[in-house]
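Novice: One structure, pasted below without further comment.
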Amino acid sequence: MNRQEQSDEAARLTEDFVRVIETLNSGRKVQPAVLSMMATLESYNASFDNVSQEDAQGMLEDLLQLLHLDLLQKQSSNNSSSEDEEADDSTVISEVFQGIHRSFVTCLATNTILSTSSDTFSAVSVSPNPPAGDSHLQELLERQYRPHMVLWECWKCGKQHQCSRFRVIIKLPQVLVVKLSW
Ligand SMILES: [Zn+2]
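The structure is reproduced here in structure tokens:
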């Protein structure tokens, strides 16, 4: 899917989303509007050759991503008259829902940081430990962010070996979507 197709898709999704909100406000039956929005999301997913996106969280992520893209598009066309070179890629969606992770991979043998990277996220997935089903969210999140070992091509040692990887949240979103997966 190219950029143009993606922004068309985002515009379509935004219209669907607005229709859902309008229908909710009007008190009419919302199901047709929701189904139409889901169909747009599905066609967006299909164009990425993804397996059909069945879980609600994946759908929410796509919805947020497309709304974000469409708002960006509108913002940049509004700003095109000004000579402002500074690209602002934040929208109300990213401000509320988007956090930033920073990941570090460390060679424990030489105590060297091999790699750092940052990526944005709009949800954190945690897995409660069955059968002890009453873990606290705090513990689940701590476990999710605990360092763990990964096989890594270590440039310091010149070979592949187990290295420690950990992630920290450097920007917490205003609304953190937590997905419980079993
Ligand atoms: Zn190493």
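Be aware that the sequence shown starts at 1, since it is given in UniProt numbering, and climbs by one per residue. We put the beta carbon where it would ideally sit given N, CA and C, even for glycine. Since the model is a prediction, treat every value here as computed from it, not as a measurement.
(1) Please list the segments of the beta strand (DSSP E) lying wholly inside the stretch 87–158, counting only runs of 3 or more residues, in order along the chain.
(2) Identify, in the order they occur along the chain, each residue of the same chain with its Cβ nearer than 7 Å to the Cβ of residue 125, setting aside the five sequence neighbours on each side.
(3) When the distance is taken between beta carbons, is residue 122 closer than 8 Å to residue 22?
(4) Rounded to whole angstroms, what's the CA-CA distance from residue 168 to residue 26? Just pull it up for me.
(5) With residue 180 as the anchor, note down where its alpha helix (DSSP H) starts and where it stops.
(6) Looking only at its own chain, which residues have a Cβ that is under 8 Å from the Cβ of residue 149, when we skip the five neighbours before and after it?
(7) Do you know offhand how far residue 17's Cα is from residue 109's?
(8) Here's the rule: buried if 16 or more other CB atoms are within 10 angstroms of the residue's CB, otherwise exposed. What is residue 103?
(9) Taking C-alpha atoms, which residue in 138, 97, 90 lies nearest to residue 63?
(10) Verify whether the separation of the beta carbon atoms of residue 37 and residue 72 is less than 8 Å.
(11) Could you give the DSSP three-state label for residue 165: helix, strand or coil?
(12) Just to confirm, is the Cβ distance from residue 112 to residue 120 under 8 Å?
(13) In terms of residue numbering, what span does the alpha helix (DSSP H) encompassing residue 45 cover?
(14) For ligand 1, is there a heavy atom less than 7 Å away from the beta-carbon of residue 116?
(15) By Cβ distance, which residues of its chain are closer than 8 Å to residue 41, with the 5 residues on each side in sequence left out?
(16) Does DSSP classify residue 174 as helix, strand or coil?
(17) Need the endpoints of the alpha helix (DSSP H) that residue 12 sits in, please.
(18) So is residue 94 buried or exposed if we call it buried at 16+ other beta carbons inside 10 Å?
Specialist: The relevant details are as follows:
(1) 99–107, 112–121, 124–126, 148–154
(2) 179, 181
(3) no
(4) 43 Å
(5) Where residue 180 is concerned, there is no enclosing alpha helix (DSSP H), although the beta strand (DSSP E) it sits in stretches over 178–180.
(6) 162, 163, 164, 165
(7) 52 Å
(8) exposed
(9) 97
(10) no
(11) strand
(12) no
(13) 31–46
(14) no
(15) 13, 53, 59, 62, 63, 66
(16) coil
(17) 3–26
(18) buried
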